[in-house]
Amino acid sequence: QTIAALDAAVFDAFNRCADPAQLERHASHFDPAVEFYHDTGGVTWTREAMLANTAKYACGNFTRELVPGTLKVFPIKDFGAIAQGTHRFCPMGSTACAGEADFVMVWRERDGQWQVTRVLSYAHRPAP
Numbered sequence: 017q018t019i020a021a022l023d024a025a026v027f028d029a030f031n032r033c034a035d036p037a038q039l040e041r042h043a044s045h046f047d048p049a050v051e052f053y054h055d056t057g058g059v060t061w062t063r064e065a066m067l068a069n070t071a072k073y074a075c076g077n078f079t080r081e082l083v084p085g086t087l088k089v090f091p092i093k094d095f096g097a098i099a100q101g102t103h104r105f106c107p108m109g110s111t112a113c114a115g116e117a118d119f120v121m122v123w124r125e126r127d128g129q130w131q132v133t134r135v136l137s138y139a140h141r142p143a144p
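For what it's worth, the working numbering labels the leading residue of the sequence shown as 17, then goes sequentially.
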């Protein structure tokens with residue numbers, strides 16, 4: 017339940033990241049040294065680089081939605097959790113989603129705060 021709520025919060029901010037305050041809210045969910053692996057976009061090694069790509073390619077262009085029923089969470093003892101699922105990306109102003117991909121996010125909990133340390137976004141394909 018915690019990870020599902022965090023996933024919803026991360027992408028609620030992502031979906032409104034054309035607003036700089038929402039982009040900052042989105043950023044707060046990621047460790048400064050987050051590694052982001054994207055099969056078609058390459059790798060970024062920092063939150064700053066990841067956010068630059070988000071601002072350039074995503075904000076104001078499309079939104080993300082979790083495919084219902086696909087989120088799986090696996091606890092990591094004394095660390096956090098792995099979240100795995102499928103998400104769709106939908107062009108702004110459209111009722112149809114253009115793309116779909118699988119994802120893995122590694123969440124770390126420290127002092128009651130959860131942040132993403134690793135992201136894999138892969139198997140990008142047209143949405144069904």
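The C-beta atom is built at its ideal place from N, Cα and C for all residues, glycine as well.
Note that this is a predicted model, so its numbers are computed, not measured.
Taking the alpha carbon of M108 as the reference point, which residue from L87, G101, E81 and I92 has its own alpha carbon closest? It is E81 whose Cα lies nearest to the Cα of M108.
Does the beta-carbon distance from H54 to V132 come in below 8 Å? Taking 8 Å as the Cβ cut-off, H54 and V132 do not qualify as a contacting pair.
Backbone CA spacing between N77 and T70 [nearest angstrom]: So the two alpha carbons sit approximately 10 Å from each other.
Would you report the Cα separation of V50 and W123, rounded to the nearest angstrom? In a straight line, the C-alpha of V50 is about 10 Å away from that of W123.
Bridge partners of V106, per DSSP? The residue you asked about is not Val; residue 106 is Cys in the sequence shown. Paired residue(s): T79.
Neighbourhood of H140 by C-beta, 7 Å cutoff - its chain only, sequence neighbours within 5 removed: Correct list, in chain order: D55, T56, G115 and A117.
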